[in-house]
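Colleague: Pasting a structure below so you can have a look.
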Amino acid sequence: MDTQLEAEILPGGNDSEFFQVQESWYPVHYIKDLDKSKPTPFTLLGQDIVIWWDKFTQS
7 MDTQLEAEIL
17 PGGNDSEFFQ
27 VQESWYPVHY
37 IKDLDKSKPT
47 PFTLLGQDIV
57 IWWDKFTQS
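Read in the numbering used here, the sequence shown has 23 at position 17, and its numbers run on one by one without any break.
Shown next, in the form of structure tokens:
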């Protein structure tokens, strides 16, 4: 029986000498300002990203 607890992964990773920006969540858009009729592309930290409103789940 394995009694060892899983290590908790902290935001930005567990290495205090190196912050992993891609391991953290960032607010990127206010829902009230999101165009719900089409996808919204943008770039964050050099990554191309698209957010959209899902009309079926209303989120």
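Ideal Cβ placement from N, Cα and C applies to all residues, glycine included.
On the three-state DSSP scale, how would you describe Val-27?
Modeller: What you label residue 27 is simply residue 21 of the sequence shown in a count that begins at 1. Val-27 falls in the helix class under three-state DSSP.
Colleague: By the three-class DSSP mapping on this structure, what secondary structure does Asp-54 have?
Modeller: Along the sequence shown, one-based indexing puts residue 54 at 48. Correct three-state label for Asp-54: strand.
Colleague: Identify, in the order they occur along the chain, each residue of the same chain with its Cβ nearer than 8 Å to the Cβ of Thr-49, setting aside the five sequence neighbours on each side.
Modeller: Within the sequence shown, residue 49 is the residue found at index 43, counting from 1. Result list for Thr-49: Ile-55, in chain order.
Colleague: CA-CA distance, Trp-58 and Phe-25?
Modeller: As a position in the sequence shown, residue 58 is number 52, starting the count at 1. As a position in the sequence shown, residue 25 is number 19, starting the count at 1. The straight-line gap from Cα to Cα measures roughly 28 Å.
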